[in-house]
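Single-structure report; data block below.
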Amino acid sequence: MALAFVITLGRGFIVKGKRVLIKTLFFCCGIGLLASMAGFTFAHFWYNPSARAWFEVDFWRQWLRFGETLRLSHAQYHDLNKSKYENLTDNAVMGMVQSLDRHSSYYSPEQYRVFQEDSHRQYFGIGIMIRKIEQGVLVSKVFPEGPASIAGLQVGDFILSVNDEPINGLELADISSKIKGIEGTSVEIAISRHEEKRTINVKRGQIQISTVDRYYVDENKTGYLHLIQFSTRSREEVSKALLDMQNLGMKNLIFDLRDNSGGLLSSAIEVASFFLPKEQLVVELKGRELDEFRSYRTKSVSPRIKLPMVVLINEASASASEIVAGALSILGRAKTIGEKSYGKGSVQTVFKLSDQSGLRLTTAMYYLPDGSTIHEQGIDPEFLVECSDENETKLRIQRNLNQQVLEEYDFNELFGFNPIEDLQLKEARRVLLQKP
């Protein structure tokens with residue numbers, strides 16, 4: 033009896049001991065899980081600058097100042113229509129962001145919705161470039177084998193309306209938006225050609241645009257290469273152009289990056305590789321945090337050009353084209369000629385806000401091999417040759433003309449001016465041919 037009681041009591045202690053052990057294990061696991069979650073949360077706030085602000089005293093001090101200003105403006109300003117909370121906040125946010133730089137901006141909920149749709153939707157054009165001149169909206173370039181070329185549009189045509197909607201007073205961006213649309217749909221373009229009005233129906237489609245606008249070797253064996261943007265096709269097209277010019281006996285090169293608004297950075301590095309040694313640093317990307325750093329170096333390409341060269345730039349040369357021109361200049365590989373470039377050497381990131389609005393902020397900068405930046409500064413050419421807006425438009429028209437138009441029509445009658453000399457190109461030839 034006593035033995036049975038002892039055995040039973042012992043089993044009770046064993047069972048109770050197991051329960052205590054299990055509870056202890058669960059407790060320890062819970063503590064460990066909470067500690068892990070706390071660690072991850074702390075790490076998130078510590079390594080995320082925007083989240084870290086919640087722990088900064090100055091953040092709350094400025095938040096209080098803004099709140100007081102918002103409250104008083106809403107309560108005391110005489111015109112309630114202007115002092116509604118939403119209006120005041122929108123204007124405050126826009127002013128805040130616009131004070132940072134010209135590439136940062138605020139999107140209202142509607143603007144952000146349109147931005148998101150545009151980012152995921154493909155729009156197709158008809159393969160033309162347009163310019164505004166005194167006489168109207170001019171077709172300044174028609175891309176070969178594009179929808180517009182097939183339909184019969186020509187350089188020199190003046191656009192009167194798009195789908196029966198007059199375009200007088202519209203900005204070029206708005207006109208372009210009216211012309212673009214879903215692939216396979218048609219757009220009706222009313223034009224004037226030699227004072228004769230006609231309507232042309234053009235089917236929108238995908239356009240294969242060569243990034244090399246033109247290239248040739250002149251009588252002095254000076255090569256000329258005009259690159260209008262950097263895309264996935266640029267490496268192949270530039271390589272072919274350089275090989276062709278080499279076969280024609282090219283002795284030096286004019287690399288024209290005027291009106292090149294940029295494109296793919298990877299493509300720009302590949303193009304720079306034709307003129308620089310392998311593994312040469314071209315540009316570095318740096319953000320505020322230590323992990324936001326990346327260097328871009330030249331790649332293995334062919335042919336590798338070691339001839340004397342100059343680079344033409346103007347105020348429309350931006351982003352990737354500035355990186356290439358700046359690197360070639362800083363590394364002593366080429367002289368720059370023309371006008372100060374645009375000054376776009378930054379990366380923008382778009383953030384979604386809680387009310388479905390958006391914020392576009394500059395989050396990183398590009399730095400050239402000497403540590404300088406082109407952002408908001410641009411590239412000052414070694415040889416400054418200024419060109420007025422009027423002459424710039426005329427030269428763009430001249431560069432985009434094909435021989436057929438010149439043969440069929442009187443230039444002055446067609447465009448209202450006589451051909452002018454490209455002084456920047458003339459200076460480039462002079463610099464290359466002058467004796468050291």
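If you use my numbering, the sequence shown corresponds to residues 33 to 468, in order.
Yeah, the Cβ is synthetic: ideal placement off N, Cα and C, and Gly gets one too.
By Cβ distance below 7 Å, which residues in the same chain neighbour T425 in space, the five residues on each side in sequence not counted? Excluding sequence neighbours, T425 sits near R163 and I165.
Count the other CB atoms within 10 Å of the CB of I39; is the residue buried (16 or more) or exposed (fewer)? With a pLDDT of 43 at I39, under the threshold of 50, the modelled position of that residue is not reliable, and the figure given next carries that caveat. When all chains shown are included, I39 counts as exposed.
Let me check one thing: in DSSP terms, what residues is E316 bridge-paired to? Beta-bridge pairing links E316 to S327 and Y399.
Under three-state DSSP, which class holds G448? In this structure, DSSP gives G448 a state outside helix and strand, which the three-state scheme calls coil.
Please state the DSSP three-state secondary structure of N394. Here residue 394 is Thr; the residue named in the question, Asn, does not match the sequence. Three-state result, T394: strand.
Between the Cα of K331 and the Cα atoms of K318, L313 and N346, which residue gives the shortest distance? Taking only the C-alpha atoms, the option nearest K331 is L313.
On a Cα-Cα basis, can you pick out the residue from P340, L393, T121 and S373 that is closest to N292? Of the listed residues, the one whose Cα sits closest to N292 is S373.
Going by the CB atoms, is the gap between V303 and V356 shorter than 8 Å? Cβ atoms of V356 and V303: closer than 8 Å.
Kindly confirm or deny that the region 220-228 and the region 265-279 touch, where touching means at least three C-beta pairs closer than 8 Å. Between the region 220-228 and the region 265-279 there are fewer than three C-beta pairs closer than 8 Å, too few to call the two in contact.
Three CB pairs or more closer than 8 Å across the region 245-261 and the region 305-320: In short, these stretches do not touch, since the Cβ pair count stays below three.
Residues bridged to N473 (per DSSP): Residue 473 lies beyond the residue range present for the chain, which begins at 33 and ends at 468; the question has no answer from this structure.
Check whether the Cβ of G168 lies closer than 8 Å to any Cβ atom in chain B. In the structure shown, chain B does not exist; there is a single protein chain.
Could you tell me if M161 is buried or exposed, where buried requires 16 or more neighbouring beta carbons within 10 angstroms of its beta carbon? So M161 ends up on the buried side.
Continuous alpha helix (DSSP H) stretch holding I355: start and end: Unbroken alpha helix (DSSP H) run through I355: A352 to I362.
Report the CB separation of D427 from L344 in whole angstroms; it is logged as a contact under 8 Å. The identity of residue 427 in the sequence shown is Leu, whereas the question assumes Asp. The pair is not a contact, with the Cβ atoms about 11 Å apart (cut-off 8 Å).
Nearest-angstrom Cα distance between E220 and T231? Rounded to whole angstroms, E220 to T231 spans 7 Å at the Cα level.
Kindly indicate which residue of I411, S242, R265 and G157 has the alpha-carbon position closest to the one of S208. Taking only the C-alpha atoms, the option nearest S208 is G157.
In chain order, what are the residue ranges of uninterrupted alpha helix (DSSP H) at least 4 long that sit wholly in the region 172-252? Taken in chain order, the complete alpha helix (DSSP H) segments of 4 residues or longer contained in the region 172-252 are 179-183 and 204-211.
Contacting residues, own chain, Cβ-Cβ under 7 Å from G370 (five flanking each side not counted): Answer for G370: R290, L344, I345, N346, P413, V417 and Q456, listed in chain order.
Classify Q108: buried if its beta carbon has 16 or more other beta carbons within 10 angstroms, exposed otherwise. Looking at its Cβ environment, which holds fewer than 16 other Cβ atoms inside 10 Å, Q108 is exposed.
Helix, strand or coil: how does DSSP classify F87 here? Correct three-state label for F87: helix.
Going straight from the alpha carbon of E453 to that of R431, what length do you get? E453 and R431 have their C-alpha atoms some 11 Å from each other.
Which residues does DSSP list as the beta-bridge partners of Y139? Beta-bridge annotation (DSSP): Y139 is paired with G390.
Per DSSP, the bridge partner or partners of F262: Answer is G295.
When DSSP labels each residue in this structure, what does K376 get in the three-state scheme? DSSP places K376 in coil when its eight states are reduced to three.
Taking Cβ positions, are V249 and G281 nearer each other than 8 Å? A contact, by the Cβ cut-off of 8 Å.
Please report the residue range of the alpha helix (DSSP H) in which I429 lies. Per DSSP, the unbroken alpha helix (DSSP H) holding I429 starts and ends at D421 to N432.
Would P341 be called buried (16 or more neighbouring beta carbons within 10 Å of its own) or exposed? A small fix is needed here, since residue 341 is Met in this sequence, not Pro. By the beta-carbon neighbour count (other beta carbons within 10 angstroms, threshold 16), M341 is buried.
How many angstroms separate the CA atom of F147 from the CA atom of Q94? Looking at the backbone, the Cα of F147 and that of Q94 are separated by about 30 Å.
So what's E453 in DSSP terms, helix, strand or just coil? Judged by DSSP in its simplified three-state form, E453 adopts coil rather than helix or strand.
If we ignore side chains and look at the alpha-carbon of each, how far apart do Y429 and H135 end up? The question names Tyr, but residue 429 is Ile in the sequence shown. Their Cα atoms are separated by approximately 29 Å.
Counting only the same chain and skipping the five closest in sequence on each side, list residues whose C-beta sits under 7 Å from that of D402. In chain order, I362 place their CB closer than 7 Å to the CB of D402, counting only its own chain and leaving out the 5 sequence neighbours on each side.
F72 in three-state terms, based on DSSP: For F72, the predicted structure reports a pLDDT of 47, less than 50, and the residue's modelled location is therefore unreliable. The matter cannot be settled from this model.
For K10, which beta-bridge partners are listed by DSSP? A question about residue 10 goes unanswered here, because the residues of the chain that appear run from 33 up to 468.
Between which residues of its own chain and G178 is the CB-CB distance below 6 Å, once the five residues before and five after are set aside? Excluding positions up to five away in sequence, the list reads G159 and I239.
Closer than 7 Å: R290 CB and nearest the ligand MN heavy atom: For the structure depicted, the ligand MN is absent and the ligand set is empty, with no information on it obtainable.
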